[in-house]
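Going down the list, the protein sequences come from chains E and B. For the first sequence, the positions run 174 to 431 when the numbering used here is used. For the second sequence, the positions run 85 to 325 when the numbering used here is used.
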Amino acid sequence: MGSPRNQVLTIARFTLLEALRTRLPWLVLAVLLLAVLGSLFISQIAITETVRQQTAFLAASLRIASTFIIVLYISSSMVREFNDKGLELLLSLDLPRAAYAGGKFLGFSAIALLTATFICLPIAFLAPLPSILLWGASLVLELWIVCALSLFCVITFTQILPATSFVLAFYVLARSIAAIRLISGSALLDQGSWSHQVTVFLVDSLWFLLPSFNLFTQTAWLVNQAQWTMILPIMVQSAIYISLLLGAAFFDFYRKNL
Amino acid sequence: MQQRALKSVPKTVALALLASLCLQLAWQFSQPRPTAYAEELVFPPDPKTLQALSLGEPIALSQLMTLYLQAFDNQPGISIPFRDLDYKRVETWLARILELDPVGQYPLLMASHVYAQVADTAKQRMMLEFVYRRFFEDPNRRWQWLAHAAIMAKHRLKDLPLALRYAQAVSKYAIGPDVPHWASQMPIFILEDMGELESAKILLGGLLVSGVVTDPHEIHLLTERLQDIENEEKSSAVPKN
């Protein structure tokens, strides 16, 4: 199959082709239309700041919808490949496991990039271009982390339900962990009690292990003001977390008995 | 499913995983603690929207909203004094939480014991008035918060007429079996402090005659109190003659 680089690119290309041929673009388009219609409804019932409300609704709903679509797509696609024994066929060839998993991640990342680009299109009519670019870039990075996490989970669990449940629970927790940490450290609580200290320790431990999704893809960038410097910590966090998740996925994949 | 041996994992993969984990921990360690800002507290959505958002779980939503509101306080490391909060917004939040879960006592506790403790008389009064208004919706369950408000009005605000108004409301409307007698006796002591001895005497005498108080110790205490008032009245009447 050629050099490892070519192997990775070939797997990525076929992953992308599979997505295009399984009507994923139509699903994205349908969700996009629904969100746009919903935002129009919101703008109709809003008494004031209609554009602001419409933008916020559209951005927030599309952000969650895109994550949901990507997670479900990756899980179902990978599980189908496991069940069809396509993976065993591929690995019987001269193909390292890392090249397969790496290629899959690259393909899924390309799908995430295209999805994020589509999503930014309707928002472009409502918010200034620099803000959309920043928001879109952050969304891409967020979806790439979700891709790596989904890949890791589906390799580990090999079933759709546990894999998607884990990813979605992780996503919700990562988005709310800063608020949870804020609440757990409240000065109103009994700081000296052991139960409070255990809670704070657990929340702090989770915070160290989870990516700070609360900083990613903020609607406030679209409706208020945004600065390009905001993307730098997000890029660093994404690079670290994607490598961590891919490392974990590769580690588990190498240990898997097919 | 059996797993392959650990040695089947290439060392580069294991090392990359370990390095990434260390980097993640180091990165998060270098990040500042999340902080709350007073100006970030916005008005909550209207009750109908909240009902829809609760997806049939208004109590759960009210608790989440309470915790959210509670986050806007003194955070470790960074102090956001309550007085910096927009109390109109705080009050709206408390009202919405109470509307979602009318049996819950948390918002009234927050109003009377937390948000009313700021060194800002106007904000203190705002919170006490909130407790007063909400008391009438369920007096037998909410009397304790208004009783606390009466004590605050008397001792903190030094506003005896306000304290009397709160105490009279407790005495008049909180008439359930779980309401202790001292709560209904509060107006007597406030009237006494205000020098309204005649009114205090009438209330105290009426209470003793009504038979509501049955505990002998309590009857003894109240009778002594009545005698004290009468003595005080007599002694204050002497110089006039």
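The C-beta atom is built at its ideal place from N, Cα and C for all residues, glycine as well.
Beta-carbon spacing of W317 (chain E), T390 (chain E) below 8 Å: no
From E:T402, E:A412, E:V371 and E:A283, residue whose alpha carbon lies closest to that of E191 (chain E): For the residues E:T402, E:A412, E:V371 and E:A283, the minimum Cα distance to E191 (chain E) belongs to E:A283.
L231 (chain E) and I305 (chain E) - do their beta-carbons sit closer together than 8 Å? no
Y246 (chain E) and L197 (chain E) - do their beta-carbons sit closer together than 8 Å? Judged by beta-carbon spacing, Y246 (chain E) lies within the 8 Å limit of L197 (chain E), meaning their Cβ atoms are closer than that value.
Would you tell me roughly how many angstroms separate the C-alpha atoms of L310 (chain B) and Y250 (chain B), rounded to the nearest one? 22 Å
Every unbroken alpha helix (DSSP H) inside the stretch 173 to 240 of chain B [4 residues or more]: 190 to 193, 205 to 219 and 223 to 239
Should A233 (chain B) and A267 (chain B) be called a contact, given that it needs their Cβ atoms to be closer than 8 Å? The answer is no: Cβ separation not under 8 Å.
If we call anything under 8 Å between Cβ atoms a contact, is N387 (chain E) one with A351 (chain E)? yes
Which residues in the same chain as W380 (chain E) place their Cβ atom closer than 7 Å to its Cβ, once the five residues preceding and following it in sequence are excluded? Hits under 7 Å: I350 and R354.
Quick one: list the residues of chain E neighbouring V215 (chain B), beta-carbon separation under 9 Å, in chain order. Correct list: empty, because the minimum Cβ distance to chain E is about 18 Å.
In chain order, which continuous runs of the beta strand (DSSP E) of length 3 or greater are located wholly inside the stretch 97 to 158 of chain B? none
For my contact list, L153 (chain B) and W177 (chain B) are in at a C-beta cut-off of 8 Å; report their separation, rounded to the angstrom. Correct: roughly 5 Å between the Cβ atoms.
Is A89 (chain B) near the ligand SAH, with its Cβ less than 7 Å from a heavy atom? For the structure depicted, the ligand SAH is absent and the ligand set is empty, with no information on it obtainable.
Strictly by DSSP, which residues pair up with K429 (chain E)? B:Q87
At the 8 Å Cβ level, is Q208 (chain B) part of the contact set with chain E, yes or no? no
Where do the N-terminal and C-terminal ends of the alpha helix (DSSP H) with Q400 (chain E) fall, by residue? Note, Q400 (chain E): premise wrong, no alpha helix (DSSP H); not H, not E.
Indicate whether A285 (chain E) and C326 (chain E) have their beta-carbon atoms separated by less than 8 Å. no
Let me know the secondary structure DSSP gives M251 (chain E) once reduced to three states. helix
According to the neighbour-count rule (16 or more other Cβ atoms, all chains shown, within 10 Å of its Cβ), is M194 (chain B) buried or exposed? buried
Report the rounded CA-to-CA distance for F127 (chain B) versus D170 (chain B), giving the unit in angstroms. 10 Å
Distance, Q201 (chain B) Cα to F273 (chain B) Cα: 23 Å
Mind checking A106 (chain B): buried by the 16 CB within 10 Å criterion, or exposed? In the sequence on display, residue 106 (chain B) carries Cys and not Ala. Per the 10 Å Cβ criterion, exposed.
Three Cβ pairs or more, each shorter than 8 Å: is that satisfied between the stretch 217 to 231 of chain B and the stretch 174 to 193 of chain B? yes
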